[in-house]
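Peer 1: Here's a structure for you.
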C-alpha cells in the first residue's frame, strides 16, 4: 500500500445538516473536508425494507448488494462464512488490520492488531486484555440503553479503558460530559462513541495497521430520535418537552465529537475514507419505540417453549433460536396473535428462518397504565414488561455520502453505487 487507510463509518449522517452547522463555524474539520475534498453521494437499495444499516454495511464490507449477499438481519453475517469481508481480504494481501465496532461484521481474522465487535453481533473481540473488557462493557451499556442502566462491572471496565486510552489532558472533556448526564439528553451515548473513538486512536497509534475501520452510530441514533430538536431541521414537528427539551440539540453534541475525532485522524497522515451508508429524512408523524425489559421472562410469560437462546438486537428487535423448526413455527404463530386491546394494532412482526425467529416489537403508540395485549394469552399491564426507547424523528433514505482524502470530488460528480466503496478500498491493497 502507498499509505495506510482508515475507513470511518459515520452511520446515516445527513451532510446537509452537517453543512448547516459547519457554516456557523461549529464543525471546522468537517468544513475542511468539504472544502478540500468535496464528497460523493452513494446510492443503495430501492426497497424501503432493505434500507437498514446492517444490510448496507455488509454491502460496504463485501462489495455485494442485498440481491447478492442476502444478509437481512443484524448478526446474520456470523453464519455467512461464504461471504468474504474486506477485513480478511486485507489480511490475505499481507496487510495488518484493526477495527473498532465494524457494523454487522464477523471477526474471522487470524492475527488482527485489534478487533472490537459492534454491540449487537455475536463475534469475538481480539487484542489486548482490556479490549475484551471494553467490548463487553459497551455491548451491555448499549443494549440496556432503554433502561438507562449500566452494570457496575461495565462501569469499571469503561473507567479502566478511559485510564488506558485517554490522555490526562482529555480528562476534562469526559468530566464535562459526565456532569451533564442528568441535565442533557443522550450524553451516555456521546460518551460511548467518544470512548470508541479514543480506543481506536490509541490502538492505531500503538499498532499502525495498514487497513483499519472505526464505526460510530450515535449520530444515526440521535437523528432517528431527536432530529426535530436539531437547529438544522426545517419541519414543523416538535418533540415533547419531557422527551427532549426544546432548548437542547443532541445532534450538534455528537457532531462536535465526531469533528474532534476527524481532526485527530487527519493528523495521522493516512488516507481517510468516510462513508455513511445511508442518510435520514424527517419522519412525518410521531411513532413510539418500545423494548422488552427482560426478553427471557416475557417469553416465559407467553409460555413460548423450546427456546435455545435469546439475543437482543438494536432497540426493539431480538433474535430467538429454538431447538427445532416445529418449536419456532409454534412460537411464530403465538407471537403473531398479539395485538392491542385498545386499537387492535399488532404488537410484533416475526421473520421465520426455520430454527430462529427475528422479532420486532412494532407497536407505534404510547403505552399507558393498564394497557392490555391479547393473543393466546392476555397480558395485563404490558407497560411493566417494556421500556420506552424513543420517539421516531428520522427515517432511512437510500442516498448516503462518501469522502476520500485520496481524491477531490467535483460538485458535478455522479452518485456511485454503495458497493463501489468496497472496490475503491480493495484497489488500494495492491
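Residue numbers (the working numbering): 52 to 481. We put the beta carbon where it would ideally sit given N, CA and C, even for glycine.
1) Taking the alpha helix (DSSP H) that residue 69 falls in, what are its first and last residues?
2) By the 10 Å Cβ neighbour count, where 16 or more other Cβ atoms means buried, how is residue 282 classified, buried or exposed?
3) Measuring only the C-alpha atoms, how far is residue 94 from residue 279?
4) Can you confirm whether the stretch 388-407 touches the stretch 316-325 when touching is taken to mean that 3 or more C-beta pairs between the two stretches lie within less than 8 Å?
5) Between which two residues does the beta strand (DSSP E) containing residue 453 stretch?
6) Measuring alpha carbon to alpha carbon, tell me which residue in 367, 340 and 330 is nearest residue 346.
7) Fully enclosed by the stretch 305-372, which beta strand (DSSP E) runs are 3 residues long or longer?
8) Once you ignore the five residues that flank residue 457 on each side, which residues in its own chain have a CB closer than 7 Å to its CB?
9) What runs of the alpha helix (DSSP H), each 4 residues or longer, lie entirely inside the stretch 194-252?
10) Would you list the one or two residues that DSSP bridges to residue 149?
11) Hey, is residue 249 close to the ligand ATP, as in C-beta under 7 Å from one of its heavy atoms?
12) In the DSSP assignment, find the unbroken beta strand (DSSP E) run with residue 402 in it and report its ends.
13) Put residue 93 into one of helix, strand or coil per three-state DSSP.
14) Could you check which residue in 141, 303, 234 and 472 has the C-alpha nearest to that of residue 455?
15) Among the residues of its own chain, which have a CB less than 6 Å from the CB of residue 265, if the five just before and after it don't count?
16) Any idea what DSSP makes of residue 109, helix, strand or coil?
17) What does residue 390 pair with, by DSSP beta-bridge criteria?
18) Suppose the cutoff is 8 Å on Cβ atoms and the five residues either side in sequence are ignored; what does the same chain contact list for residue 255 look like?
19) Would you report the Cα separation of residue 312 and residue 352, rounded to the nearest angstrom?
Peer 2: Considering the structure as presented:
1) 66-74
2) exposed
3) 25 Å
4) no
5) 450-455
6) 367
7) 322-326, 330-343 and 358-363
8) 322
9) 203-216 and 222-229
10) 165 and 263
11) For the ligand ATP, the structure offers nothing, since it holds no ligand at all.
12) 399-403
13) strand
14) 472
15) 59, 151 and 251
16) helix
17) 397 and 425
18) 57, 149, 263 and 319
19) 45 Å
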